[in-house]
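One structure is given below, encoded as C-alpha cells.
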Amino acid sequence: MGDRAGYGGSGFLGTSSENLDAIYTLGVLEDLCEWWRTSTTWGKKTDEGRRACAMCRIIEVSDIVHLICILAKPADLATLARTSTSLFVAAVEELYEHSDYHQLLHLLRVCGEHRKEPPTTEGSERSRNTARAAARFDHYAPFIRHLSLSGAWWMAIPEGHNGFDTDVEHLSNLLSKFAAIAPASGFTPLLPNLRTFKLDPEYGGQIEHIMPLFSAELPYLESFSIQLGNATHKADLASMLGHLPHTAPNLRRISLPGGLSDSQDLASSFARLIGKLPSLESFEGGPASFGAGVLQNLDHCSHLGTLILRGGNYEDDVVSSACLGHGPVCERHLRALRRLELRARPTRLTNYILERMDPDQLQALTIWLSGQDGLSLAEDVQRPIAAVVRFPEIEALDLRFHGELKEEDAPQFWPNVSALFACRRLRTLFLFVSIPLKRGVDDEIVESMARAWPELREFALMWNDDDNPPGPTLQSLVALTTNCRQLDTIQLQTLRAPAGQVRKVDASSNKTRPLHLRVRKYNLDDTDEAASFLVNVTSCLTVARISVFSRAYFWLDEFDEDGIWNDVVSRMRTIRSLGPDGYLRRQAGSRQAIDRYLGIVDVR
1 MGDRAGYGGS GFLGTSSENL DAIYTLGVLE DLCEWWRTST TWGKKTDEGR RACAMCRIIE
61 VSDIVHLICI LAKPADLATL ARTSTSLFVA AVEELYEHSD YHQLLHLLRV CGEHRKEPPT
121 TEGSERSRNT ARAAARFDHY APFIRHLSLS GAWWMAIPEG HNGFDTDVEH LSNLLSKFAA
181 IAPASGFTPL LPNLRTFKLD PEYGGQIEHI MPLFSAELPY LESFSIQLGN ATHKADLASM
241 LGHLPHTAPN LRRISLPGGL SDSQDLASSF ARLIGKLPSL ESFEGGPASF GAGVLQNLDH
301 CSHLGTLILR GGNYEDDVVS SACLGHGPVC ERHLRALRRL ELRARPTRLT NYILERMDPD
361 QLQALTIWLS GQDGLSLAED VQRPIAAVVR FPEIEALDLR FHGELKEEDA PQFWPNVSAL
421 FACRRLRTLF LFVSIPLKRG VDDEIVESMA RAWPELREFA LMWNDDDNPP GPTLQSLVAL
481 TTNCRQLDTI QLQTLRAPAG QVRKVDASSN KTRPLHLRVR KYNLDDTDEA ASFLVNVTSC
541 LTVARISVFS RAYFWLDEFD EDGIWNDVVS RMRTIRSLGP DGYLRRQAGS RQAIDRYLGI
601 VDVR
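full-length UniProt numbering puts the first residue of the sequence shown at 1, with every later residue one more than the last.
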C-alpha cells in the first residue's frame with residue numbers, strides 16, 4: 001500500500017477499522033487491476049479475461065480513487081491522505097479544495113504547530129521547527145483553492161483537533177501561526193492557487209492577520225468577499241483594498257455588503273479599487289461600499305454582468321453627486337449587465353439607476369421597494385415599473401413592494417402593475433405585494449398574468465392576505481397551466497376550493513404535465529372533489545411547504561405536509577388507477593407498475 005507514514009499528516013478523527021478495511025480493499029483492487037493488465041495470456045484464453053482486461057483499460061484505478069474521494073467524508077479523506085503516498089494527492093485535493101476552519105486546523109496539526117508548549121530559547125531549534133512545519137505546509141497549501149472564514153468558529157475547534165490540547169482559541173491565533181510559517185515556506189504568496197476568498201463580519205478585526213495571504217501576486221484569485229460590519233478595522237481594510245488590484249490582477253468578482261458607521265472616509269478607497277479593475281464582472285455592495293464614485297467607475301467596467309445592492313439606507317448624496325447623465329444624447333450606461341439586484345432605500349436610488357442604464361441583454365432583475373413613511377404611487381410604483389418595461393427581453397423578475405399607499409392611490413395599484421405585461425419573455429416571476437389594498441388577489445388577476453406571460457416556467461405570487469382573506473381558487477391553476485405550456489412550479493399565498501364550487505375541467509383541452517405546488521395557506525373543503533379536479537390539471541402533483549428559508553419573505557410556516565395534500569395526492573392515484581367502469585386496471589400487474597405506466601410519483 002505504499003508508505004504508511006505518508007506526509008506526517010493527521011486526520012480529523014482517529015483511524016477506524018472500517019477506514020482501514022476500505023483502504024486495504026483499495027490496495028487489493030489496485031494490485032488486481034495491475035495483474036489483469038499484465039496477464040495477457042490469461043486474458044486471451046477466456047472471454048471473462050478479455051472482458052476484464054477491456055474494463056480495466058476503460059476504468060482506471062485513478063478514476064475509482066477520485067470517486068471514493070468525492071463521496072468520502074472529511075474525516076475519511078484525512079485518513080486516506082496519511083495512509084498512502086499513492087492516495088495522498090487525490091484525498092488532499094478533495095479535502096482542501098474548499099477550505100474553512102476545519103481544513104486550516106487540520107493543516108496546523110499536520111505542521112505540528114497545535115500543542116501548547118513552552119517557548120524554546122534556542123533560535124536554531126526554533127528555525128528548524130519552523131522549516132519542518134513549512135515543508136509539510138508546502139505539501140498541502142497548493143490544494144487550497146476556495147477559502148471561507150465564516151460560520152461558527154467554536155464548533156470547528158473540538159472537531160478539528162479531536163480533543164488535543166491547543167492554544168488556538170481565536171482566528172487571530174490560527175492566522176498568526178501561519179504568518180510565522182510564511183517566511184520559511186517555499187510559496188509566495190502563502191496560498192498560491194487561491195481562487196476565492198470570503199471573510200465574515202465578526203472577524204473584520206482580524207484583517208491584519210490575513211494580510212500574509214495577500215503579500216504577493218495571486219494570479220488565480222477571481223472572487224473576493226468581505227462582509228462589512230462595525231467590527232471591521234477600517235485602517236486595515238483600506239490598506240488591503242489598496243493592495244488588492246496589484247496582488248489580484250485577474251479579480252473578476254467583488255462582494256463588499258454590509259454597513260459601517262462613519263464610512264465616508266473609506267469611499268475613496270472603494271472607488272479606487274473599482275477604478276483599477278476595468279475587467280470586473282460582478283460587484284455586490286452595501287451602504288458602506290457603494291457610493292457615487294463606485295457607481296461611476298462601475299459604469300466604465302465593460303464586462304460588468306452582475307450588480308447587486310443589498311439592503312440598508314443609502315446616503316442621499318449617492319444620487320445627488322453621481323453623474324451618469326440622462327436623456328437621448330447621453331452615452332449608454334452599464335451596457336453589459338445581465339443581472340441586476342436593487343434592494344436599496346430610498347427608491348430614489350433605484351429609479352436613478354433603472355432610468356439611466358441601457359444594457360444590451362438584461363436577463364434577471366430584482367427590485368425591492370419599501371418606504372418607512374409609506375409608499376408613493378408615482379415614485380415607488382409607477383416610475384420603477386415604467387423603467388422595468390424598458391427591458392422587454394428580461395426572463396426573470398423579482399419585484400417586491402413593502403409599505404402602505406395612500407387610500408386614494410390604493411385602487412390604482414393593480415392597473416399600474418398590469419403595465420408589466422409588456423415583458424412577454426418572462427420565464428420566472430416572483431411578485432410580492434405587502435400593501436393593504438382595496439382589491440385582493442383573485443382568479444381574474446391570476447388569469448390576466450397567465451395570459452400576459454405565456455413563457456412562464458416558475459410563477460410565485462405572494463401578498464398580504466390579512467385584509468383580503470379569500471384569495472384565488474383551484475380554477476387559477478387551470479388558467480396558469482393552460483396559458484403557460486412550460487409552467488411546472490406555482491407558488492401562491494393562499495388557495496381555496498369551496499365545496500360545490502369546483503368546476504370540472506375538460507381533460508382533452510388541457511395537456512397535463514407534472515406540477516410542483518407551493519402554498520402558504522389553503523382551504524380545501526372536499527378532498528375528493530379537489531382530487532377529481534386536479535387529476536385533469538396535472539399528471540403528477542407534488543406539494544411542498546413554504547418555510548422560513550424559502551423566497552416567501554420571512555414567514556414561519558404552518559403547513560401540515562402529511563395532512564390534507566397527501567390525501568389529495570392519494571385520491572388522485574386511486575382515480576388514475578381506475579378504468580372508465582370504475583374497476584382497477586390490470587395491464588401492468590402491480591400498483592407500482594400501474595403508477596409507472598400512468599406517470600405517477602409517490603410523494604410520501
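Cβ atoms here follow ideal geometry from the backbone N, Cα and C, with glycine treated the same way. All figures in this text were calculated on a predicted structure; none of them were measured in a lab.
Burial state of residue i (16 or more Cβ within 10 Å)
i	result
D265	exposed
T25	The predicted model places T25 with a pLDDT of 47, which falls under 50 and marks its position as unreliable; any figure quoted below should be read in that light. Exposed, by the Cβ-count rule.
G11	Low local confidence applies: a pLDDT of 36 at G11 is under 50, so the model's placement there is unreliable, with the coordinate-based value given in what follows. Counting Cβ neighbours within 10 Å, G11 comes out buried, since at least 16 surround it.
N19	With a pLDDT of 45 at N19, under the threshold of 50, the modelled position of this residue cannot be trusted; read the value that follows with caution. N19 is buried by the Cβ-count criterion.
H246	exposed
F290	buried
E529	buried
P189	buried
Q491	buried
L175	buried
P278	exposed
P472	buried
residue 606	Residue 606 lies beyond the range of the chain shown here (1 to 604); nothing can be said about it.
Segment limits, alpha helix (DSSP H) that includes residue i
i	result
Q501	Per DSSP, Q501 belongs to no alpha helix (DSSP H) and is neither H nor E.
T247	K234 to T247
A530	T527 to L534
R356	T347 to R356
L456	First-last for L456: undefined, no H or E at that position.
N483	Q475 to N483
N416	F413 to V417
F76	Residue identity differs from the one stated: residue 76 is Asp in this sequence, not Phe. P74 to A81 is the span of the alpha helix (DSSP H), which, as asked, contains D76.
Y96	T85 to Y96
T542	It is not in any alpha helix (DSSP H) - T542 instead sits in the beta strand (DSSP E) that spans T538 to A544.
A267	A267 to G275
Endpoints, the beta strand (DSSP E) within which residue i is located
i	result
W368	A364 to S370
P105	Here residue 105 turns out to be Leu, not Pro, going by the sequence shown. Unbroken run through L105 is the alpha helix (DSSP H), Y101 to V110; no beta strand (DSSP E).
A141	A141 -> no beta strand (DSSP E), and no H or E assigned at all.
Other residues of its chain near residue i: CB distance less than 6 angstroms, five sequence neighbours each side excluded
i	result
H402	S370 and S434
G14	Any reading at G14 must be qualified, since the residue scores a pLDDT of 35, below 50, and its modelled position is unreliable; the value itself is stated next. Within the same chain, G14 has no close Cβ partners at all.
Q475	D443
K438	A410 and P411
L80	L87 and A91
T489	E458 and H516
T428	A396 and E458
Minimum C-alpha distance to residue i - residue among the options
i	options	result
I353	A364, H333, A460 and Q363	H333
L107	L80, H303, K276 and Y140	Y140
A497	L273, Q296 and S532	S532
C540	D526, P183 and T574	T574
V65	A75, R82 and V89	V89
G229	I181, I367 and L199	L199
F432	A422, K438, E447 and Q493	Q493
G186	D138, A544 and D100	D138
Q103	A78, S84, S86 and S124	A78
T306	K276, A184 and T366	T366
G563	Y522, V537 and P415	Y522
R195	P219, N173 and K177	P219
L487	P472, R457 and T473	R457
L495	W463, V505 and T512	W463
R339	A271, M357 and L324	M357
Y101	F421, N173 and R132	N173
Supposed close pair residue i, residue j - CB separation, criterion 8 angstroms
i	j	result
P359	R335	6 angstroms
G285	L251	Contact flag wrong, Cβ pair sits at about 15 angstroms.
C69	A91	6 angstroms
Q361	E393	7 angstroms
L375	L405	5 angstroms
L260	T232	6 angstroms
V537	V505	6 angstroms
L147	F197	5 angstroms
L426	W453	5 angstroms
Same chain only: Cβ atoms within 7 angstroms of residue i, ignoring 5 sequence neighbours per side
i	result
A179	H209 and P212
A450	A479, L480, N483 and C484
F143	V92, E93, Y96 and E97
F549	For F549, the predicted model reports a pLDDT of 38, less than 50, meaning its position is unreliable; a value from the coordinates is still stated below. For F549, where only same-chain residues beyond five positions count, there are no Cβ hits under 7 angstroms.
Other residues of its chain near residue i: CB distance less than 8 angstroms, five sequence neighbours each side excluded
i	result
L304	L280, E281, S282, F283, L298, L334, A336 and L337
A419	I385, A386 and V389
K276	P245
N313	P287, R345 and P346
W414	L437, R439 and I445
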